[in-house]
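Participant: Our numbering applies: residue 3 is where the sequence shown begins, and numbers increase by one.
C-beta atoms are modelled at their ideal positions from N, C-alpha and C, and glycine is treated no differently.
Quick one: the structure is below, and I'll ask about it shortly.
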Amino acid sequence: MTNSRPLNIPVILGTTRKGRLSAYAARFMAQRIQQRDNVMTELIDINEVPMPVDDAGDGIKDPAFAEKMTMADALVIVTPEYNHSFPGLLKHVLDSCLKEYIHKAAGIVGVSAGPFGGVRAIQDFLPVIRELGLVNIFWDVNFGNVASVFDESGKLLDQAFIKRADKFLDELIWMAKTLRHGRDNIALDN
Numbered sequence: 003m004t005n006s007r008p009l010n011i012p013v014i015l016g017t018t019r020k021g022r023l024s025a026y027a028a029r030f031m032a033q034r035i036q037q038r039d040n041v042m043t044e045l046i047d048i049n050e051v052p053m054p055v056d057d058a059g060d061g062i063k064d065p066a067f068a069e070k071m072t073m074a075d076a077l078v079i080v081t082p083e084y085n086h087s088f089p090g091l092l093k094h095v096l097d098s099c100l101k102e103y104i105h106k107a108a109g110i111v112g113v114s115a116g117p118f119g120g121v122r123a124i125q126d127f128l129p130v131i132r133e134l135g136l137v138n139i140f141w142d143v144n145f146g147n148v149a150s151v152f153d154e155s156g157k158l159l160d161q162a163f164i165k166r167a168d169k170f171l172d173e174l175i176w177m178a179k180t181l182r183h184g185r186d187n188i189a190l191d192n
């Protein structure tokens, strides 16, 4: 399978809290993607996506965000763990699109201040990913005790995360290529 069009894999920073250390993890993942051949990325901060709360779904769809989701071949979703789950505002933003996600790969990066690295948030996120039409990959990246993984400027302190992120991205890119081939070449008979 050859396709000269680069894969488009945006990274979604899924929190709006002030002082969010998840931003370090999101920037790290975007930097790892930028180092890949024939793959492009951008960091999408949900704090910058208009989020009306007087409606949902198509009623609040931001055209710029929807276009980015349409153009994406896969998503990296960076989510902190808040109260054993993921942020409601992240789901609110993601729920504004539906058809834009169908048969596209998704990988979840969990972040937490404690030792579990967002695993409870990821666990809760898996049914949502499926319902949105995304295909979750097998690997996650878990940034537990995130304040000890990055310094105060966002520099990575624990080099083990490079190998973990690369394994995650290898799987995500494979899945993105496979699903794009399917979307482009195989009709879904209803």
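1. Could you spell out the range, first to last residue, of the alpha helix (DSSP H) harbouring residue 90?
2. Could you tell me the distance, in whole angstroms, from the CA atom of residue 71 to the CA atom of residue 103?
3. Starting from residue 47 and walking both ways along the beta strand (DSSP E), at which residues does that stretch end?
4. Roughly how far, in whole angstroms, is the beta-carbon of residue 30 from the beta-carbon of residue 158, given that I think they are within contact range, below 8 Å?
5. Cα-Cα, which of 162, 176, 123, 21 is closest to residue 90?
6. Counting pairs of beta carbons, one from the stretch 46-59 and one from the stretch 167-186, are three or more of them closer than 8 Å?
7. Output needed for residue 36: all residues of its chain with C-beta closer than 7 Å, excluding positions within five of it in sequence on either side, in chain order.
8. If you measure between the beta carbons of residue 97 and residue 59, is that distance less than 9 Å?
9. Could you tell me whether the Cβ atoms of residue 112 and residue 144 are closer together than 9 Å?
10. Per DSSP, residue 87 forms a beta bridge with which residues?
11. So, is residue 142 buried or exposed, given that buried needs 16 or more other C-beta atoms within 10 angstroms?
12. Residue 110 bridges to which residues according to DSSP?
13. What's the C-alpha gap between residue 171 and residue 74?
14. Kindly indicate which residue of 21, 146, 93 has the alpha-carbon position closest to the one of residue 162.
15. Would you check if the distance between the CB atom of residue 78 and the CB atom of residue 12 is smaller than 9 Å?
16. Is the beta carbon of residue 16 closer than 9 Å to that of residue 130?
17. Could you tell me which uninterrupted beta strand (DSSP E) segments, each at least 3 residues in length, are contained entirely in the stretch 12-57, listed from first to last along the chain?
Facilitator: Answer, in terms of the structure:
1. In the DSSP annotation of this structure, the continuous segment of the alpha helix (DSSP H) that includes residue 90 starts and ends at 90-96.
2. Approximately 7 Å between the Cα atoms of the pair.
3. Residues 45-47.
4. Yes, residue 30 and residue 158 are in contact; Cβ-Cβ is about 6 Å, under 8 Å.
5. Looking at 162, 176, 123, 21, the one whose alpha-carbon comes closest to that of residue 90 is 123.
6. By the Cβ rule, the stretch 46-59 does not count as touching the stretch 167-186, because fewer than three pairs are nearer than 8 Å.
7. 43.
8. Yes, they are a contact pair.
9. Less than 9 Å separates the beta-carbon of residue 112 from that of residue 144.
10. Partner(s): 84.
11. By the 10 Å Cβ count, residue 142 comes out buried.
12. DSSP, once it has assigned bridges, lists 79 as partnering residue 110.
13. Straight-line spacing of the CA atoms in residue 171 and residue 74 works out to 15 Å.
14. If we check each option's Cα against that of residue 162, 146 comes out closest.
15. With contacts defined by Cβ atoms closer than 9 Å, residue 78 and residue 12 form a contacting pair.
16. It is not a contact, given that the beta carbons lie outside the stated cut-off.
17. Qualifying beta strand (DSSP E) stretches, in chain order: 13-15, 45-47.
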